[in-house]
Amino acid sequence: MPNADLAAVWLTLKLASVVTLLLLLIGTPIAWWLARTRSRLKGVVGALVALPLVLPPTVIGFYLLIAMGPNGPVGQLTQALGIGLLPFTFPGLVIASVFYSLPFVVQPIHNAFEAVGERPLEVAATLRASPWDAFWSVAVPLARPGFISGAILGFAHTVGEFGVVLMIGGNIPNQTQVVSVQIYDHVEALEYTQAHWLSGGMLLFSFVVLLALYTFNPTRRKPA
Amino acid sequence: MTFLRFITLALLLVATPLHAGQIRVAAAADLRFAMDEIVSLFSKSRPADRIEVSYGSSGKFYAQIRNGAPFDLFFSADSELPEKLVQEGLAIPEVEPYALGRIVLWRPDSDARPLTLTDLPRPENRRIAIANPKHAPYGMRAVEALKAARVWDAVESRLVYGENIAQTAQFVQTGNADIGIIALSLALAPGFAGAGSYTLIPADLHQPLRQGFVILKRVEGKALSRDFAAFFGTADVRQIMSRYGFSVPDTPAAR
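Order-wise, the sequence lines are chains A and B. In this text, residue positions in the first sequence follow this note's numbering: the first is 1, and each later residue adds one. In this text, residue positions in the second sequence follow this note's numbering: the first is 1, and each later residue adds one.
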């Protein structure tokens, strides 16, 4: 396999790992809030989180390109902070992917928290567990399948990202040239052998991921 | 009965007038604005006919046409790709040269002093956009020019690659890249002219961008394809093409 392809594979795995970690950090409080709140804003926040499910990736790519560009609010902030501009950089891709994959992480965790319900937390409270303690030692362990699903789906969906990367990536080796874009380039250049290698790899990877999801995380679990 | 009526209505809605022709044109992205003008001019005299244009990198269209993409005409940004289609039996000979393109350095600052390729390694040019040399002829010519100007090693790590020359121009126009090597035809197009400044890259630094088009074979001699191809030889079209910075055949530069 040529070096550029190996670099693309490595970059893709790096991107997906960083994004998954970030999304678990960002998504968990959102999911928790969505599961517990009685606020009227619940519907609005839920809809905002789900937006990337239905939006064309070009819409996300377009807005991010404008927002992170030199005249956009994000671009002006990053320039003022001395970071420079985010499009065509690895951090830029990370930010784009966090938006793009958000619902895939938040929704499974949200569902898992809802399935836990009020009761275990009330019991924990009668045992004098602080809300913080109850969250970590009761809610999170009970919602573990949701975290696993969310992490796997977030990772896989980031690996499969294409349209957003094409729009804000600039196709730079080791920075933004991920596998999906590399495959596109190979096909355009009629390098079908390399395209086959990478595409076959993606096919196998995606199947294994889904197999893992369905095997290790069965919907019906034995009571603990 | 209602069903029948519904079907009839649906058919009426999708059906185009009987005598109207329709062709699909695949055009290199450097033609984006010039071709739009040419098509609307053509449509004025042929209001019933429809010309649908898709823009993209020439290499992409070549790959798509080889895989059966339903295009009637292919306007490439070079002559090699249409020539290959002729050799593969997918296009009707001969390849018709229609323009000689030029590449320019472009940046989104209309008062900037002219730049040359040797200025590119300067630190303020953090990101330099070119079209993807793997499948866009304008990208290949940009790489040749950078190498001929002996700045390739200095700038390679700062290059960002547009999927086609129009996306490359858009990277610079939005300010996300500091400077780019784009088609003169785009630098002169509305939206770019006035929003930035360009410097021509000397034509002897790269292979000529001799652009040719072909009529594709899958359309068994659609008259409209031939009419549109012939229209490209008219003075009106030449005038539009010159306005977008192309030299057109018959002028000494293009042959």
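Yeah, the Cβ is synthetic: ideal placement off N, Cα and C, and Gly gets one too. This one's a predicted model, so the numbers in the text were calculated from it and none came from an experiment.
Can you pull the chain A residues whose beta carbon is under 7 Å from the beta carbon of residue i, in chain order?
{"i": "K84 of chain B", "result": "The premise fails here: K84 of chain B is roughly 10 Å from chain A at the closest Cβ pair, so nothing lies under 7 Å."}
{"i": "K60 of chain B", "result": "E188"}
{"i": "E163 of chain B", "result": "L166"}
{"i": "K134 of chain B", "result": "D185, E188 and A189"}
Express the C-alpha separation of residue j and residue i in angstroms, rounding to a whole number.
{"i": "V18 of chain A", "j": "I109 of chain A", "result": "18 Å"}
{"i": "G75 of chain A", "j": "P57 of chain A", "result": "20 Å"}
{"i": "L142 of chain A", "j": "A125 of chain A", "result": "16 Å"}
{"i": "V49 of chain A", "j": "W33 of chain A", "result": "12 Å"}
{"i": "P230 of chain A", "j": "W136 of chain A", "result": "Residue coverage of chain A in this structure runs from 1 to 224, which leaves residue 230 of chain A outside it and unanswerable."}
{"i": "G159 of chain B", "j": "P52 of chain A", "result": "Reading off the sequence, residue 159 of chain B comes out as Leu, not Gly. The straight-line gap from Cα to Cα measures roughly 30 Å."}
{"i": "P121 of chain B", "j": "V155 of chain B", "result": "6 Å"}
{"i": "I103 of chain B", "j": "G194 of chain B", "result": "18 Å"}
{"i": "I130 of chain B", "j": "H196 of chain A", "result": "27 Å"}
{"i": "R150 of chain B", "j": "H186 of chain A", "result": "28 Å"}
{"i": "L11 of chain A", "j": "W132 of chain A", "result": "36 Å"}
{"i": "G162 of chain B", "j": "L184 of chain B", "result": "16 Å"}
{"i": "I337 of chain B", "j": "S45 of chain B", "result": "The displayed coordinates of chain B run from 1 to 255. Any statement about residue 337 of chain B would go beyond what the structure contains."}
{"i": "L186 of chain B", "j": "Y198 of chain B", "result": "10 Å"}
{"i": "L232 of chain A", "j": "P70 of chain A", "result": "Outside the displayed span of chain A (1 to 224) sits residue 232 of chain A, for which this structure offers no information."}
{"i": "V106 of chain A", "j": "Q182 of chain A", "result": "29 Å"}
{"i": "D111 of chain B", "j": "I179 of chain B", "result": "14 Å"}
{"i": "D204 of chain B", "j": "A67 of chain A", "result": "39 Å"}
{"i": "E118 of chain A", "j": "I26 of chain A", "result": "23 Å"}
{"i": "W106 of chain B", "j": "A96 of chain A", "result": "27 Å"}
{"i": "A254 of chain B", "j": "K222 of chain B", "result": "Residue confidence for A254 of chain B is low, a pLDDT of 39 falling below 50, so the modelled location carries little weight and cannot support an answer."}
{"i": "R38 of chain A", "j": "L81 of chain A", "result": "38 Å"}
At a threshold of 7 Å, does residue i count as lining the ligand FMN (C-beta to nearest heavy atom)?
{"i": "F232 of chain B", "result": "With respect to the ligand FMN, the structure offers nothing, as it holds no ligand at all."}
Use the C-beta contact count for residue i: other C-beta atoms within 10 angstroms, 16 or more gives buried, fewer gives exposed.
{"i": "T168 of chain B", "result": "buried"}
{"i": "L41 of chain A", "result": "exposed"}
{"i": "E124 of chain B", "result": "exposed"}
{"i": "G175 of chain B", "result": "buried"}
{"i": "T28 of chain A", "result": "buried"}
{"i": "E94 of chain B", "result": "exposed"}
{"i": "I83 of chain A", "result": "exposed"}
{"i": "Y214 of chain A", "result": "exposed"}
{"i": "A142 of chain B", "result": "buried"}
{"i": "P252 of chain B", "result": "Note that P252 of chain B scores a pLDDT of 42, beneath 50, so its modelled location is shaky; the value from the coordinates is reported in the next line. By the 10 Å Cβ count, P252 of chain B comes out exposed."}
{"i": "R127 of chain B", "result": "buried"}
{"i": "G200 of chain A", "result": "exposed"}
{"i": "L6 of chain A", "result": "exposed"}
{"i": "G216 of chain A", "result": "Correcting the residue identity first, residue 216 of chain A is Phe in this sequence and not Gly. Result: exposed."}
{"i": "G43 of chain A", "result": "exposed"}
{"i": "V208 of chain A", "result": "exposed"}
{"i": "E52 of chain B", "result": "exposed"}
{"i": "L117 of chain B", "result": "buried"}
Check the DSSP bridge columns for residue i and list the partner residues they point to.
{"i": "I260 of chain B", "result": "One cannot answer for residue 260 of chain B here, as it falls past the ends of chain B, which runs 1 to 255."}
{"i": "R210 of chain B", "result": "B:L100"}
{"i": "A91 of chain B", "result": "B:L216"}
{"i": "S197 of chain B", "result": "B:R107"}
{"i": "L159 of chain B", "result": "B:I128"}
{"i": "G56 of chain B", "result": "B:A28"}
{"i": "G180 of chain B", "result": "B:W106 and B:A129"}
{"i": "S247 of chain B", "result": "B:L100"}
Along chain B, which residues have their Cβ under 8 Å away from the Cβ of residue i?
{"i": "D5 of chain A", "result": "Ordered by position in chain B, no residue passes the 8 Å Cβ test against D5 of chain A, which lies about 13 Å from the chain."}
{"i": "I172 of chain A", "result": "L159, V160 and Y161"}
Give me the chain B residues within the contact set of residue i, using Cβ-Cβ distance strictly less than 7 Å, ordered along the chain.
{"i": "P87 of chain A", "result": "N176"}
{"i": "P2 of chain A", "result": "Result: empty, since nearest Cβ-Cβ is about 13 Å, beyond 7 Å."}
Kindly list, in the order they appear in chain B, the residues whose Cβ is closer than 9 Å to that of residue i.
{"i": "I66 of chain A", "result": "T174"}
Taking only beta-carbon atoms, is residue i less than 8 Å away from chain C?
{"i": "R127 of chain B", "result": "The question asks about chain C, but that chain is absent: this structure's protein chains are A and B."}
Please list the partners that residue i has in chain A, where partner means a Cβ-to-Cβ separation under 9 Å.
{"i": "K44 of chain B", "result": "Near K44 of chain B there are no residues of chain A at all, since even the closest Cβ is about 32 Å away, more than 9 Å."}
{"i": "A63 of chain B", "result": "V187, E188, A189 and L190"}
{"i": "S57 of chain B", "result": "E188"}
My parser needs the beta strand (DSSP E) runs of 3 or more residues fully inside the stretch 103 to 151 of chain B; what are they?
103 to 107 and 128 to 131
Practice prompt. Would you mind listing the beta strand (DSSP E) stretches within the stretch 61 to 88 of chain B that are 3+ residues and don't spill past its ends, in chain order?
Written response: 73 to 75
Tell me the start and end of each unbroken alpha helix (DSSP H) in the stretch 122 to 186 of chain A that is at least 4 residues and wholly inside, in chain order. 131 to 134, 144 to 159 and 163 to 168
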